[in-house]
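Data block below; observations after.
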Amino acid sequence: MVKAVILIGGPQKGTRFRPLSLDVPKPLFPIAGIPLVQHLIESCVQVPTLKEILILGNFPCADIVPFLAEISPLYDQVKIRYLQEYTQLGTAGGIYHFRDQIKAGNPSSFFLINGDVCGDFPLQEMLEFHSDPKRKNLITILTAEATRQQSMNYGCLIENKETHQVLHYVEKPETFVSTLINCGVYVCSLDIFLIIAKIFSQRQSNYYLGEAESNGESWESIALEQDIIMPSAGTQGHIYVYHSNRMWSQVKTAASAIYANRQHLDLYRKRQPDRLVGLEEKLSSSCQVIGDVYIHPTAHIHPSCVIGPNVSIGKNVIIGAGVRIRESIILGDTVIQEHSLLLYAIVGWDSFIGRWSRIEGTPSDPNPNKPFAKMENVALFNEEGRLNPSITILGCHVRLKILKSCEKKCATTNYEYGHLRSDTTLSKMGDTLNFEAPQACDYFAGWVSGVAGLVTGAPFDAIKTKQQHLDIRFSDGAYTIRRLDGFSGFFRGLALPLVFSGILNVTFFAVYGKVLSYITAPTGVDAWVRNEKIPEKMHLINDPMFSSKGVAHNIGKSTEPPKKPEGNIRDFLISGAIANIAQLTVICPVEVVKVRQQAYGSLIGGPVQAIRNIYGVKGIQGLYKGLLPLALRNVGGGCIQCFAFMSILEYSNPEKHSQTWGDVWFAGGMAGMISWWVVAPFDVIKTKIQADEVLSPKYKGTIHCSQKIYKNAGVFGLFRGVMSLSFPAFIVNGATFLVYNYVLDTCNENKF
Numbered sequence: 001m002v003k004a005v006i007l008i009g010g011p012q013k014g015t016r017f018r019p020l021s022l023d024v025p026k027p028l029f030p031i032a033g034i035p036l037v038q039h040l041i042e043s044c045v046q047v048p049t050l051k052e053i054l055i056l057g058n059f060p061c062a063d064i065v066p067f068l069a070e071i072s073p074l075y076d077q078v079k080i081r082y083l084q085e086y087t088q089l090g091t092a093g094g095i096y097h098f099r100d101q102i103k104a105g106n107p108s109s110f111f112l113i114n115g116d117v118c119g120d121f122p123l124q125e126m127l128e129f130h131s132d133p134k135r136k137n138l139i140t141i142l143t144a145e146a147t148r149q150q151s152m153n154y155g156c157l158i159e160n161k162e163t164h165q166v167l168h169y170v171e172k173p174e175t176f177v178s179t180l181i182n183c184g185v186y187v188c189s190l191d192i193f194l195i196i197a198k199i200f201s202q203r204q205s206n207y208y209l210g211e212a213e214s215n216g217e218s219w220e221s222i223a224l225e226q227d228i229i230m231p232s233a234g235t236q237g238h239i240y241v242y243h244s245n246r247m248w249s250q251v252k253t254a255a256s257a258i259y260a261n262r263q264h265l266d267l268y269r270k271r272q273p274d275r276l277v278g279l280e281e282k283l284s285s286s287c288q289v290i291g292d293v294y295i296h297p298t299a300h301i302h303p304s305c306v307i308g309p310n311v312s313i314g315k316n317v318i319i320g321a322g323v324r325i326r327e328s329i330i331l332g333d334t335v336i337q338e339h340s341l342l343l344y345a346i347v348g349w350d351s352f353i354g355r356w357s358r359i360e361g362t363p364s365d366p367n368p369n370k371p372f373a374k375m376e377n378v379a380l381f382n383e384e385g386r387l388n389p390s391i392t393i394l395g396c397h398v399r400l401k402i403l404k405s406c407e408k409k410c411a412t413t414n415y416e417y418g419h420l421r422s423d424t425t426l427s428k429m430g431d432t433l434n435f436e437a438p439q440a441c442d443y444f445a446g447w448v449s450g451v452a453g454l455v456t457g458a459p460f461d462a463i464k465t466k467q468q469h470l471d472i473r474f475s476d477g478a479y480t481i482r483r484l485d486g487f488s489g490f491f492r493g494l495a496l497p498l499v500f501s502g503i504l505n506v507t508f509f510a511v512y513g514k515v516l517s518y519i520t521a522p523t524g525v526d527a528w529v530r531n532e533k534i535p536e537k538m539h540l541i542n543d544p545m546f547s548s549k550g551v552a553h554n555i556g557k558s559t560e561p562p563k564k565p566e567g568n569i570r571d572f573l574i575s576g577a578i579a580n581i582a583q584l585t586v587i588c589p590v591e592v593v594k595v596r597q598q599a600y601g602s603l604i605g606g607p608v609q610a611i612r613n614i615y616g617v618k619g620i621q622g623l624y625k626g627l628l629p630l631a632l633r634n635v636g637g638g639c640i641q642c643f644a645f646m647s648i649l650e651y652s653n654p655e656k657h658s659q660t661w662g663d664v665w666f667a668g669g670m671a672g673m674i675s676w677w678v679v680a681p682f683d684v685i686k687t688k689i690q691a692d693e694v695l696s697p698k699y700k701g702t703i704h705c706s707q708k709i710y711k712n713a714g715v716f717g718l719f720r721g722v723m724s725l726s727f728p729a730f731i732v733n734g735a736t737f738l739v740y741n742y743v744l745d746t747c748n749e750n751k752f
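Residue numbers (UniProt numbering): 1 to 752.
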């Protein structure tokens, strides 16, 4: 059994990595999509006999432990822990301080790895070399070849060519020693603690005798290279080297992160190709990808973009039309507007790049014409005080080229709130005896109630669609909208629905009432009895209990109770279904434009521009995209609402002829919530299809879309957002219902 110790230093280190290390510890900086230290962990877990990984550093636990808790389930074959030093103890002092933790379980040896290196480490081969019984290895050092000039930037070794024993070691010599350099990866036997103990005891004695050296460091700080390897080299210290010609690099500066990113993407292609972008599985749009590219599944990229080679794009990144990116790292929550160019750059978290921006750095790659050339970690400034050419780095929260016309960020809010809209709220019940064509009061009340429902439900609409489109949680959807567009993002795409709210309501009311009055109209003797025998004030035409929209009139009034509307459930369902079908010709284009506005934000402009874009590519057919799931949702939902409303209203108040505000609110809210649960799968499918790309759609139709959703997320995917929005569905439907009733009553009473 063996263990591994990864040394990650502390917050006072990594100054050359700024500004990228200001907001996140350097070991957690993402290279090729995952933190630097996680690459080291993945190298360690490839060793079959390795059972525990100890992360050793001076960072606060709050900075490291949550990350380890998140990734530990991915590597359940090993135990991963963080050990925090109380001060900087050096490469050897740290492991000596936690020697009991390392020696627990009696491992045969342990790996010791510097946290600022990356590469393709032959750890299993090193361990086999170290464990050779012919040698009593104390330390085995991983080494690589470097150029003569570059070798002086590293620890240099001279070895016995036959035995590979270290004869001489110098840390960063001023003159040339050897092209063989220390890679910062070791295999150590437990006997190393005996040597460190002697050094520690000597320093402790010197400290208490007042003879400790004053070099600005704690007397407890012990360096593996200077204090152990250098004195032991050339003696019987049993220190050996293991040669490697695989990829290796230090990550000392921010510029070196680009080179490390390229190397790890290359490793992905060879060993973990599933991590590289797969157009069908990982992209919501089929942008052009060149070479090795990592794109987080939550990133949203316009199909006209060209990405790669050697690009990593983080979580929740939004990239607009016509953007070109290569040899770059784009960190999470960044927005890049259209027609921007990024070359050899790192863009920090939560940054905003305005349209037509050009961010271009200078490559800092190893010289390809020199064998064994390594990455040059040059200083920020040269001897003349000028900036050395390097990659371009934007720190966190940078806002570049924020013009007044583009202050609003691009948003990915493809969402609508199910049935919390004017066209499917339950304020659509027809008068059962007589339904005249909607007059001014009907239109005005329908428009106001529609607006009330839209505005009230807009935030939930946006969050729900965000959940459905990106398969995320309710809280994540709300956070993404707020971060990208602020408060206004919760109301994106409302222009067309607000304009057509009245038209949609009047269309529904007119058709519903006419159909219902036709199928329930009395004939023969029944008609004569109803028209002649009912007192004038009881006649439903003049004093109805329900308006032409099915809303209870005279709530709380002392007038003589009117009769309840006649007609059975079948009549309500048939009328509601036909009325919803009649609405589809108007509502489908409105829904398509709204969803696409929410999906792509300012990338496609306002509703007029969105219509032009859709019509210019797909014609009138594009404006009726997703018609089938929309019809299934609206027709099915409308029928269920009618049935649920009448049943709940009857059940909750079977004796009363007039209804209270509470009765109406409860019945309307429950009806909306029930219908939302039933038709949610059609709503999810509709959102996916209407938010799909126009030029190269992912979904071939309703059945194909439902199959892909089920394949990726199971049954839960078809009910995305149902639980979190059930209560808002109740509130918004009830509010819409009451607003319509109140406005219509007020309008009729004042004879507007």
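From the three backbone atoms N, C-alpha and C, an ideal C-beta is built for every residue, glycine too.
- Looking at the DSSP output, arginine 81 shares a beta bridge with Leu54.
- Listed in chain order, the beta strand (DSSP E) elements of length 3 or more contained wholly in the region 242-330 are 248-250, 293-295, 311-313 and 324-330.
- A straight line joining the alpha-carbon of serine 706 with that of arginine 720 spans about 13 Å.
- Within the model, the alpha-carbon separation for isoleucine 313 versus isoleucine 346 is close to 10 Å.
- Excluding its 5 nearest sequence neighbours in each direction, proline 19 has C-beta neighbours in its own chain below 6 Å: Gly395, listed in chain order.
- Taking 9 Å as the cut-off, the beta carbon of valine 47 is found no closer than this to the beta carbon of leucine 112.
- Put simply, the backbone Cα of cysteine 188 is about 24 Å away from that of proline 173.
- Around valine 177, the same chain offers Cys156 and Val170 as residues with beta carbons nearer than 6 Å, after the five sequence neighbours per side are excluded.
- If you look at glycine 90, you'll find it isn't in any beta strand (DSSP E); it sits in the alpha helix (DSSP H) that goes 90-97.
- Between the alpha carbons of alanine 260 and alanine 631 lies a gap of roughly 52 Å.
- One alpha carbon belongs to arginine 246, the other to serine 205, and they sit about 44 Å apart.
- In the displayed model, valine 187 falls within a strand according to three-state DSSP.
- Secondary structure at phenylalanine 176: coil, using DSSP grouped into helix, strand and coil.
- Annotated as proximal: asparagine 58 and glutamine 88, with beta-carbon spacing under 9 Å.
- In the structure shown, histidine 168 adopts extended strand secondary structure according to DSSP, grouped into three states.
- Isoleucine 141 counts as buried, since no fewer than 16 other beta carbons sit within 10 angstroms of its beta carbon.
- The beta-bridge partner set that DSSP reports for glycine 119 consists of Trp248.
- In this structure, the beta-carbon distance from tryptophan 349 to glycine 361 does not fall below 9 Å.
- Contact between the region 64-83 and the region 292-301 is not established, with fewer than three Cβ pairs separated by less than 8 Å.
- A direct Cα-Cα distance of roughly 10 Å separates glycine 119 from valine 251.
- Taking C-beta separations shorter than 6 Å and ignoring five residues to either side along the sequence, the partners of serine 151 in its chain run Thr179 and Ile181, following chain order.
- Contact between the region 672-684 and the region 605-619 is absent, with fewer than three C-beta pairs closer than 8 Å.
- Cβ-Cβ distances below 6 Å link glutamate 85 to Asn58 and Gly94 in the same chain, with the five nearest sequence neighbours on each side left out; the list follows chain order.
- With 16 or more neighbouring CB atoms inside 10 Å of its own CB, threonine 253 falls in the buried class.
- The Cβ atoms of proline 389 and leucine 454 do not sit closer than 9 Å to each other.
- Just so you know, the alpha carbons of arginine 633 and valine 678 end up roughly 9 Å apart.
- Here DSSP, grouped into helix, strand and coil, assigns phenylalanine 111 to strand.
- Annotated as distal: asparagine 733 and glycine 638, with beta-carbon spacing of 9 Å or more.
- Going by beta carbons, phenylalanine 200 and lysine 103 fall outside the 9 Å limit.
- Setting aside the 5 residues that flank it on each side, arginine 203 is surrounded in the same chain by Ala212, Trp219, Glu220 and Ile222, each with a C-beta closer than 8 Å to its C-beta; the list follows chain order.
- Partner residues in the beta bridge of isoleucine 336, as assigned by DSSP, are Ile319 and Ile353.
- When rounded, the separation of the alpha-carbon atoms in tyrosine 268 and phenylalanine 352 is 29 Å.
- Per DSSP, reduced to three states, the secondary structure at phenylalanine 381 is strand.
- Burial is judged here by how many other beta carbons sit within 10 angstroms of a residue's own beta carbon; methionine 670 has at least 16 and is buried.
- In this structure, isoleucine 55 lies near arginine 81, with their beta-carbon atoms less than 9 Å apart.
- Counting every other CB atom within 10 Å of its CB across the protein chains shown gives arginine 148 a total below 16, marking it as exposed.
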